[in-house]
Amino acid sequence: MAIAHFSVSIVGRGEGRSAVMSAAYRHCARMDYEREARTIDYTRQ
Numbered sequence: 013m014a015i016a017h018f019s020v021s022i023v024g025r026g027e028g029r030s031a032v033m034s035a036a037y038r039h040c041a042r043m044d045y046e047r048e049a050r051t052i053d054y055t056r057q
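Just so we're aligned: the sequence shown equals residues 13 to 57 in our numbering.
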């Protein structure tokens, strides 16, 4: 029987972190960060 696991972490801009940057890092993806008009690229991680 499989056991499900779910983990939540809060990402706040007040701490200098970004949800877009965190998601791109977790998924090894390239994402556009419109707030700062730049592209975050973690595809080679």
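Note that beta-carbon positions come from the ideal geometry of N, C-alpha and C, so glycine has one too. Owing to the predicted nature of the structure, the values given are computational and were not obtained by experimental measurement.
Its chain contains V23 as the residues whose beta carbon lies nearer than 7 Å to that of S34, once the 5 sequence neighbours on both sides are disregarded; these appear in chain order. Here Y45 is bridged, per DSSP, to R50. DSSP, reduced to helix, strand and coil, places R56 outside both helices and strands of the structure shown, so it counts as coil. For S34, the uninterrupted alpha helix (DSSP H) run begins and ends at 31-39, by DSSP. As the crow flies, the alpha-carbon of C40 is around 26 Å from that of A14.
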